[in-house]
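For the record, the sequence lines run as chains A and B. Taking the working numbering, the leading residue of the first sequence gets 11, the next gets one more, and so forth. Taking the working numbering, the leading residue of the second sequence gets 11, the next gets one more, and so forth. First comes the structure, then the notes that go with it.
Protein chains: 2
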Amino acid sequence: MNGPFLACDWGTTNLRAWLVDADGRVAEGRDFPLGVSRLKPGEAAERFRQEVRPALGAERLPTLMCGMIGSTLGWQVAPYADCPASLDDLAAHLVTVEDGPAAVRIVPGVRGPGVTAAPDVMRGEETQLFGWVAGAEDRARGRRVVCHPGTHAKWAVIEDGRLVRFVTAMTGELFSILSRHGVLASDAKPDDEEAFLAGVEAAGDGSALAARLFSVRSRVVGGDADPQSSPSYLSGLLIGSEIAALPRLLDAPDDDPVALLGDETLIAWYARAFAARGVACTTHSGDEAALAGLTALHARTAP
Amino acid sequence: MNGPFLACDWGTTNLRAWLVDADGRVAEGRDFPLGVSRLKPGEAAERFRQEVRPALGAERLPTLMCGMIGSTLGWQVAPYADCPASLDDLAAHLVTVEDGPAAVRIVPGVRGPGVTAAPDVMRGEETQLFGWVAGAEDRARGRRVVCHPGTHAKWAVIEDGRLVRFVTAMTGELFSILSRHGVLASDAKPDDEEAFLAGVEAAGDGSALAARLFSVRSRVVGGDADPQSSPSYLSGLLIGSEIAALPRLLDAPDDDPVALLGDETLIAWYARAFAARGVACTTHSGDEAALAGLTALHARTAP
């Protein structure tokens, strides 16, 4: 460690901040409804100074931030580091937005070749990925496949501790949009495990999603399924499609064990889908990984 | 022919009606903004009697209707005929909702095994499919693959004049929802052919759509594509995914020539995508096919 610091995972909808003491322990953790999608242009620096620092008594602490705060919507653009990338590469490309003993620095996102001709990008997940690697010695050896579910789910391959390739899947966003708009819209809660698993099975080999999606409707209209189970089935279908198709895109064997990293409730649903498909997985907290990643970067780079 | 009649393709958003004379010629064609999604429950019969019949001077004509008018949202449910189905099967299952010399009858939809455990269904397209078959003698022989693009695109395999299997893909609905909601939303027109073709190529083998969709965004955020071209790219990606994946689901060879049936503008875009993928296709008017299908049914079944 290099003394106390303020660690921030500043995302699209939320800002999570941790006050980390000189021994690397969390003295306090706080959430702020200051996600970059809620900020006016140019407002991030001021809100941080006036709301976040005082709330944690962190007026004079060096600060390290990861996430969408480094995007065009955030404080200042932190240009992407290129894949393959190591923790040292991130450390070498921190962007200093305020200097001095209470410096504020932003972790760059990572850009890599995409599934298509377009590149793929992440911001925030890279810090969680390296934080996860730092969590156990054997994770920095050999090949590891990590799935980070969410609005824009990230699948990453880590080889000997380096992020070598990754793919984004808009699974969470598709669920959110399709359950609110169009013929599949429904107010029911996606909490029916049986329908969820039927959706996972309906995902098949992960091809032809637009066709499989129609079964959300046709199982009700042409069959006898309860409309209340539609969101659960839709969720299983989307998650099952992701699980079926993504390993192939990453050139990872279908049956490689997968480390699930992220929100506890969401990764529990993913774990059910993995179990149904007979793929081994482990589950890990995304928040803890973000903090671990920021702490590892602070240790290497504190002014 | 069995005398003059009124032919109606009564769909979700629109009602198209043709006054057909005793020689099978169209005396008049009219559109009405009376799609079933715009009707109050139970209102179809009254609106038809008070608005459609008088507008065409067709108060005393027998009437044949196809489309969503036979759904729970329509006049009365016309139970699905089962796949494989022939034109004779449809003729045998017309549902009479008003009797007498000015009888009103509704063509049943068709239900078949789906890609998933849920069945697949169509209402309206079956009439166009058989109308298309009736349009040339050789279409009733051997195997034909027909693609009917739209909100819910239908792909059908016709063998010796019988509809043997079909699959629905929600391509049009996905485009509509994704271009209006979420991070891919855009007001730009999908009229950029170069971006459309880049999208078709990005569809790859039709797998992992949720991952490929992210490229609509990442080609702008991480690359240098013009955001104005995003809807065109999205359209190409969705149509390309459909074209890549659907033939396999139908057990039809990838390179079988495909008959495109439907809206002129839409099938022109599909034709560009087929050409880019090196698959032969022909194009055919959906309206003409609907009229031909209703006329063929009238000839077999008029009271």
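Ideal Cβ placement from N, Cα and C applies to all residues, glycine included. Note that the coordinates shown come from a computational prediction; the quantities given were computed from them, not determined experimentally.
Alpha carbon to alpha carbon, how far is L244 of chain B from G13 of chain A?
49 Å
Rounded to the nearest angstrom, what separates S81 of chain B and W279 of chain A at their Cα positions?
35 Å
Under 9 Å, CB to CB, which of the residues in the segment 187–202 of chain B have a partner in chain A?
I187, L188, R190, H191, G192, V193, L194
Below-8 Å beta-carbon distance, D130 of chain A vs any chain B residue
yes
Continuous alpha helix (DSSP H) assignments of at least 4 residues falling wholly in the segment 93–181 of chain B
97–102, 135–144
Close Cβ partners of A283 of chain B (< 6 Å) along its chain, the five nearest in sequence each way excluded
V210, I249, G250, I253
For G122 of chain B and L139 of chain B, what's the separation of their Cα atoms in angstroms?
15 Å
Check each residue of the segment 111–128 of chain B: if its Cβ is closer than 7 Å to any Cβ of chain A, include it; give the result in chain order.
R121, G124, V125, T126, A127, A128
Using beta carbons (cut-off 8 Å, strictly below), is V210 of chain A in contact with chain B?
no
For C39 of chain B: DSSP bridge partner residues
Per the sequence shown, residue 39 of chain B should be read as Gly rather than Cys. G39 of chain B pairs with B:W28.
From this set, B:A213, B:T305, B:L276, which residue's C-alpha is nearest V125 of chain A's C-alpha?
B:A213
Listed by chain order, chain B residues near T181 of chain A by CB distance under 8 Å
A220
Beta-carbon proximity of C76 of chain B to F176 of chain B, cut-off 8 Å
no
Determine the direct distance from the alpha carbon of L25 of chain A to that of L304 of chain A, and round the result to whole angstroms.
14 Å
Anticipated Cβ contact below 8 Å, G182 of chain A with G160 of chain A, distance rounded:
5 Å
Alpha helix (DSSP H) segment containing G246 of chain A, residue limits
240–259
Where does S196 of chain A fall in DSSP's three states?
coil
Counting along the chain, where does the beta strand (DSSP E) carrying A68 of chain A start and finish?
Element bounds for A68 of chain A: n/a, residue is neither H nor E.
If I follow the unbroken alpha helix (DSSP H) through D19 of chain A, where does it start and stop?
It is not in any alpha helix (DSSP H) - D19 of chain A instead sits in the beta strand (DSSP E) that spans 15–20.
Quick one: using the 10 Å Cβ neighbour count with 16 as the cut-off for buried, is T106 of chain A buried or exposed?
exposed
Return yes when the Cβ of L276 of chain A is within less than 8 Å of the Cβ of L97 of chain A, no when it is not.
no
Counting beta carbon pairs with one atom in the segment 281–299 of chain A and one in the segment 265–273 of chain A, are three or more of them shorter than 8 Å?
yes
On a CA-only basis, which of B:R40, B:D33, B:P200, B:P118 is nearest A27 of chain B? Give me that one, please.
B:R40
Under 8 Å, Cβ to Cβ, is there at least one residue of chain B near Y10 of chain A?
Chain A is shown only over 11 to 313; residue 10 of chain A falls outside these bounds and no answer can be derived.
Leaving out five residues on either side along the sequence, give the residues of the same chain with a beta carbon under 6 Å from the beta carbon of A88 of chain B.
G80, V105, I116, P118
Under 9 Å, CB to CB, which of the residues in the segment 245–262 of chain B have a partner in chain A?
L247, L248, S251, E252, A254, A255, L256, R258, L259
Alpha-carbon to alpha-carbon, P237 of chain B and D201 of chain B:
13 Å
Within chain D, the residues that T178 of chain A reaches when beta carbons sit closer than 8 Å
Structure shown: chain D not included; protein chains present are A and B.
Is the Cβ of S217 of chain B closer than 8 Å to any Cβ of chain A?
yes
As a quick exercise: from B:G52, B:L256, B:G67, pick the residue whose alpha carbon is nearest that of A163 of chain B.
B:L256
Please list, in chain order, the chain A residues whose beta carbon lies closer than 7 Å to that of L184 of chain B.
A220
Give a yes or no on whether 8 Å exceeds the smallest Cβ distance from V268 of chain B to chain A.
no
Can you list the residues of chain A that H162 of chain B reaches, using a CB-CB cut of under 9 Å?
V193, F224, R227
What does DSSP give as the partner residues of G272 of chain B in its beta bridges?
B:S295
Less than 8 Å between the beta carbons of G21 of chain B and G52 of chain B, yes or no?
no
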